[in-house]
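Residue numbers (numbering that gives the first Met the number 0), protein chains in the order written: chain A, 0 to 163; chain B, 0 to 266; chain C, 0 to 786.
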Amino acid sequence: MAAVSMTVNGHSVTADIDPRTLLVQFIRDNQRLTGTHVGCDTSQCGACVVHVDGKAVKSCTMLALQCDGANVTTIEGLATGGVLHPMQEAFREHHGLQCGFCTPGMIMSAVDIVNRKGNNLDEHTIREELEGNICRCTGYHNIVKAVEAGAKAMAGSGMKHAAE
Amino acid sequence: MYAFTYHRPETVRQAAGLLSRKDDAKLLAGGQTLLPTMKQRLASPGNVVDLGKVAEMKGIERKGRAVVIGAMTTHAEVAGSPVVQEAIPGLAALAGNIGDPHVRNRGTIGGSVANNDPAADYPAACLAMGATIITNKRKIAADDFFQGMFDTALEEGEIITKISFPMPGKAAYMKFPNPASRYALVGVCVAKRGSEVRVAVTGAGASGVFRWAEAEAALAKRFSSKSLEGVKAKAAGLNADIHADAEYRAHLIGVMARRAVDAAVGK
Amino acid sequence: MSATGIGASVRRKEDHRFITGAGRYTDDINRPNQAYAYFLRSPHAHATIKTIDTSKASRMPGVLAILTGDDLAADKVGGLICGWMIHSKDGSPMKAGAHPALAQGKVRYVGDHVAVIVADTLAQARDAAEAVAVDYGVLPAVVDTATASKSKTVIHDAAPDNTVFNWHLGNKAETEAAFKAAKHVVKLDIVNNRLAPNPMEPRAAVGFYDKGEDHYTLYTTSQNPHVARLVLSAFIGIAPENKLRVIAPDVGGGFGSKIFIYAEETVCVWASKKVGRPVKWNSDRTEAFLSDAHGRDHVTHAELAIDANGKMLGLRAHTIANLGAYLSTFASSVPTYLYAPLLSGQYNIPAVYAEVDAVYTTTAPVDAYRGAGRPEATFVVERLVEVAARQIGMDPAKFRQMNFVTKFPHQTPVIMMYDAGNYNASMKKALEIADYKGFGKRRRESERRGKLRGIGFSAYIEACGIAPSAAVGSLGAGVGLWESAEVRVNPIGTVEILTGSHSHGQGHETTFAQLVCERLGVSMDAVTIVHGDTDKVQMGMGTYGSRSGAVGMSAISKALDKVIAKGKKVAAYVLEASEKDIDFKDGKFSVKGTDKTLDFGACALQAYIAHKFNGQDLEPGLKEGAFYDPTNFTFPAGVHIAEVEVDPDTGVTEILNWTAVDDFGVVINPMIVEGQVHGGIAQGVGQALLEGVVYDKEGQLVTASYMDYCMPRADNLPSFKVGMTVTACPSNPLGIKGCGEAGAIAAPPAVINAITDAVGHEDVAMPATPKVVWRAAQKALKKMAAE
Ligand SMILES: Cc1cc2nc3c(=O)[nH]c(=O)nc-3n(C[C@H](O)[C@H](O)[C@H](O)COP(=O)(O)OP(=O)(O)OC[C@H]3O[C@@H](n4cnc5c(N)ncnc54)[C@H](O)[C@@H]3O)c2cc1C
Ligand code: FES
Ligand code: FES
């Protein structure tokens, strides 16, 4: 067992864990934050994407111990004070989800895209930047629309770095 | 994943010490290759030495006519580095096209080069640009470093600390991604420095990255994609799998090489 | 149209929980003291099991039990079933080999279930699995669909030539006569590639047994929890229905693959009693590739007969369908009644004849995957039609139009009675949206850039709303395919709808509520849709075959009629009027010719307090149920047009434009319907361009992860142009036809027709990966150079 402490959605947490615990297992099993999902074994689907120190990562491909001292944001930490993040709102408004399984990872990735590429995203950029997120339901059409609109809305709300 | 003991050194020395003291110890860089392999129980190191806190292995600097990149520098950092973008734009573009944004936020140049996946991108750049792999023990020329699929000149306990890329006059990398994995089905890096032209091919060779002598000779005469017309890569010794047979890969090597030359000359 | 009623693009009620990470999927459910199951799977495609030695493994830390097929047999747990009987041409019943949840004596595909290890942690279970020693007697694999029946290797003793059935449909003699009379005959050999469904949520199960109550509960990733309970009770024999609760909470996509009753969920619920603790299993992606039922996998020879004027005379097809190593729950229905009856397409074809041979192979079971049978039929028809147009030198749109069915109802030669449609309207609209006229110009522009541009059509039809119980019963189904609904009105007028349909992405919580709002005049917030729990909803048949709108909502509609009728009775007492004078509109009961009204909510309260009609011939309360059984299938149809550009140097195909014009009958929520179309197209494009399950000669699965199985990603697809035409469906009260599968059915032939158009009519197999298209393009360029 090994000790780990990190900040998860603004709360500091400390735990004694088996070193092989993945970040996603720590989030789901230890913190009981089940919004972060696991959809593959090969680090390709992006259902598990969270932010570590403001950057999008696949939480299935990091050890929890690698996040010692880090600031982790999951889908559950995106809305502040009961107000949805503009990207969450955009996914709802533009029907960017069906079964919802890929959605937390999609939204966390989308916020990261805006953080890196700004608020005016064209369709081509969005499609390329979503390379690491697989959705089986939507055909991506409405996800692309949602990300574009969410990016614009983030500028309006001054929430560029809200996810950190 | 099998159980292991976790270590987090803060210097290269400490890391090297752990490697020599601990049985079946493995370095953990970005983990984008090692962790999926361990999850599938295909690797079972008893000790994992995380390089994440080794500050001296990070960063990018320009040293004369070379760009020196710390082994723990992520693909995203290389892609976004103004230094690399200015000095070797083809290298920044290559890094910006590895995997996806999440992988680029974690995966490192040192990990990629040490792993020498036959379908990885960086090995082609190292070989074409004549990079030097700097370890805690020595300096190794790229020509001597890559020794076959997942095989390198690294010795037991040796750690890549930096990679130095001499600035080419012109260079570009073109990748034809595997439709499923998005690794290189075929990737070709061309680099021209002075009168020397080097062409390195990744993804295609059954024993990993290799130099394509015929293309180098043709391009040395005139650095233009026209010079490659009629120069055909041989299918013998190339990979064949469900995504591409050897003949198709050989054809793609030609196409990617021509496109890389066009990109390098700014066409 | 009101803001929330039928036809409004109401934003989804369910989304809030999904976008905030509060969805509750099976893997999110944890029971106190739960143990974990890990399945030891066969590494061989085909082998006898000589011995299983668990002695070392059972002593390992944390191990609670290691169970095998012998334990299942000892407990008299029945095998998995196939619920649709098909008879061969000669009248003999299909040859179904036994399908135990854990192998008994033999394994028949890589991934087949050999044993389950239950332990305190998953890691411990996995460690122990590695220590189980199995002595296999390896047998040859049988992998190839086309030649399986000729193999000397027998997979099931019950089927000595590896053939499940030789089935046929249609009139052979008439069809042969049609071909004799034909001026042109078009012939095609087609492989409909095997697909892995890949809902993003892998399958999972949590089973637990309550000793005090002698009662089981199973949480599982199911599209039809009631069917799961029925099968687990009546056939597998876990427990009688009243002792078994099946819950399918949020389910992360299904596409057919979560209809079936699988080994893992069966074993989890059974093992929970044996170990006295809840047992949880969660599939990883590789296990999903190995053991989720696959889809498609047909090898077909098909021919189309045409007269001198371009009129279609007849169509015949011979198909070999690979059903894998065992018959999955509905496997036998897919290449038969879900396939051949659609071979008439949208066309007036006087004679159709289909022969289908279903074979066993040592591969994962094959069953329904989005579209199920209908994509295979549409591919046959629409490839034949496109190639025919080229062969006789007619415009492919015109050739289709001159052969469309235009009078309804239309009886096809293969069972189906098309009840309503306007195929020309869809075609015209699609041609307009796709700017078909401007295609030539765009093609020349591509040529200037060294690219090959092509355009391809697909005029599909599907039989949905599956479907009338009598009809499916006569065709071999073991169940009736009605749907149930219960409307519970609470005393203050809020409404709970209990439905036997199951939502796993379709947005039922919204569309079903819209129907209630429209009919009862209540607000969206006042309506809750309850589904997916056999303890809450009495019975239901679940969601697949685009049936929830047409069948599930019709049941709700019927129950709502009853609620309104009873409400009128209550209102009559309260408003002191005669029942026949009561009107109900916009949420208000009123007395004709007066200004006396009663709100729906107030009426509900009156129904429960019952002060006004105590002692009269009226029961208190406001709760009604209904079962709805349709009278016909529904027939959504439409035209999709794909426009592609091929890079002849690399063989890369880019989809530039996609036009979809569909007739789904009445649409409840256009936003959701369009979303279903988008998703379906993406899966169809996936089949055409990217996806394909590959087994090697030894029966090892080559495409066992996303490293080799190519999933459509955002950058593989364009945005889609979606249009609609509407002819109401006459066979259900709402006029709904269903939309869930259309895209997946329509898309593959549109893509292949477009690519073959681009590469000079060279044939191209699915998936049309760059390697495949490059070869075709090279041939085409050589031919062009020679000309
Ligand atoms: C979804 C996905 C897509 C990808 N796509 C691509 C792609 O398109 N192209 C591509 O090139 N790569 C791709 N990769 C691989 C990625 O680039 C990895 O980051 C890289 O191969 C390994 O780097 P790492 O830092 O993650 O190393 P790790 O996984 O941590 O380590 C890899 C190996 O190198 C050793 N090692 C690490 N650092 C050192 C060092 N400094 N000295 C000596 N040994 C060391 C480790 O012990 C281990 O054996 C992809 C990965 C994923 C998950
Ligand atoms: S679960 Fe992390 S990428 Fe698929
Ligand atoms: S919404 Fe179901 S996988 Fe994306």
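Ideal Cβ placement from N, Cα and C applies to all residues, glycine included.
Roughly how many angstroms separate the alpha carbons of Thr593 (chain C) and Glu575 (chain C), rounded to a whole number?
12 Å
Measuring CB to CB, does Val298 (chain C) end up less than 8 Å from Val190 (chain C)?
yes
Kindly confirm or deny that the segment 710-721 of chain C and the segment 532-551 of chain C touch, where touching means at least three C-beta pairs closer than 8 Å.
no
With 16 other CB atoms within 10 Å as the buried threshold, where does Arg448 (chain C) fall?
exposed
Which chain B residues sit within Cβ distance under 7 Å of Lys57 (chain A)?
Those are His101, listed as they occur along chain B.
Kindly indicate the opening and closing residues of the beta strand (DSSP E) around Val494 (chain C).
494-498
Where do the ends of the alpha helix (DSSP H) carrying Lys125 (chain C) lie?
One detail in the question is off: residue 125 (chain C) reads as Arg in this sequence, not Lys. Taken as a continuous stretch (DSSP letters only), the alpha helix (DSSP H) holding Arg125 (chain C) covers 121-130.
Where does Ala118 (chain C) land, buried or exposed, given buried means 16+ other C-beta within 10 angstroms?
Buried is the call here.
Does the beta-carbon of Leu41 (chain B) have 16 or more other beta-carbons within 10 angstroms, so that it is buried, or is it exposed?
exposed
Looking at Thr120 (chain C) and Gly77 (chain C), is the spacing between their C-beta atoms short of 8 Å?
no
Backbone CA spacing between Ser148 (chain C) and Ala357 (chain C) [nearest angstrom]
9 Å
Which full runs of the alpha helix (DSSP H) of 4+ residues lie inside the segment 176-242 of chain B, going along the chain?
Here the runs fully enclosed are 212-220.
Write down the C-beta distance between Ala703 (chain C) and Phe288 (chain C) rounded to the nearest angstrom, noting that I regard them as a contact closer than 8 Å.
With 8 Å as the limit, Ala703 (chain C) and Phe288 (chain C) qualify as a contact, their Cβ atoms being about 5 Å apart.
Please report how far the alpha carbon of Ala396 (chain C) lies from the alpha carbon of Lys428 (chain C), in whole angstroms.
12 Å
Pick out the complete alpha helix (DSSP H) segments inside the segment 245-300 of chain C, 4 residues or longer, and give them in chain order.
262-274, 284-290
Could you name the residues of the segment 230-261 of chain C whose beta carbon sits closer than 9 Å to any beta carbon of chain A, in the order they occur along the chain?
Asp249, Val250, Gly251, Gly252, Gly253, Phe254
Does Glu482 (chain C) come out as helix, strand or coil in the three-state DSSP assignment?
strand
Quick one: does Glu163 (chain A) have its CB under 8 Å from some CB of chain B?
Because the pLDDT of Glu163 (chain A) is 43, which lies under 50, any placement of that residue in the model is unreliable, and the number read from its coordinates should be weighed accordingly. So, not an interface residue.
Over the uninterrupted beta strand (DSSP E) stretch that includes Val185 (chain C), give me the two end residues.
183-191
So which residues of chain A does Ala204 (chain C) contact, with C-beta pairs closer than 8 Å?
Listed along chain A, no residue sits closer than 8 Å to Ala204 (chain C) by beta-carbon distance, the nearest being about 16 Å off.
Taking only heavy atoms of ligand 1 into account, decide whether any of them is closer than 7 Å to the Cβ of Arg105 (chain B).
yes
Determine the contact status of Asp661 (chain C) and Asn421 (chain C), defining contact as a CB-CB distance below 8 Å.
No, these two residues do not count as a Cβ contact at 8 Å.
Nearest to Gly58 (chain B) (by Cα), restricted to the options B:Thr201, B:Val67, B:Gly51, B:Tyr121:
Nearest to Gly58 (chain B) by alpha-carbon distance, out of B:Thr201, B:Val67, B:Gly51, B:Tyr121, is B:Val67.
Cβ-heavy atom distance between Cys47 (chain A) and ligand 3 below 7 Å?
Placement of the Cβ of Cys47 (chain A) at a distance of 7 Å or more from every heavy atom of ligand 3 is found.
Quick one: Cα of Leu18 (chain B) to Cα of Leu184 (chain B), how far?
34 Å
Look at the Cβ atom of Tyr35 (chain C), then the Cβ atom of Leu194 (chain C), and state whether they are nearer than 8 Å.
No; because the gap between Cβ atoms is not below 8 Å, this pair is not in contact.
Buried/exposed call for Ile252 (chain B), threshold 16 Cβ in 10 Å
buried
Taking Leu129 (chain A) as the query, report the chain C residues whose CB atoms sit under 9 Å from its CB, ordered along the chain.
Arg712, Ala713, Asp714
Quick check on DSSP: helix, strand or coil for Gly455 (chain C)?
strand
Going by DSSP, name the residue or residues bridged to Thr596 (chain C).
C:Ser589
Taking the C-alpha atoms as reference points, what is the distance between Leu71 (chain C) and Arg135 (chain A)?
35 Å
Arg315 (chain C) lies in the beta strand (DSSP E); which residues open and close that run?
311-321
Hey, how far is the Cα of Phe175 (chain B) from the Cα of Val771 (chain C)?
Looking at the backbone, the Cα of Phe175 (chain B) and that of Val771 (chain C) are separated by about 15 Å.
Identify which residue in C:Met415, C:Lys406, C:Arg295, C:Ile305 has its Cα closest to the Cα of Pro340 (chain C).
If we check each option's Cα against that of Pro340 (chain C), C:Met415 comes out closest.
Taking the CB atoms as reference points, tell me whether Ala245 (chain B) and Ala239 (chain B) lie closer together than 8 Å.
yes
Proximal residues, the segment 167-181 of chain B versus chain C, C-beta separation under 9 Å:
Phe175, Asn177, Pro178, Ala179, Ser180, Arg181
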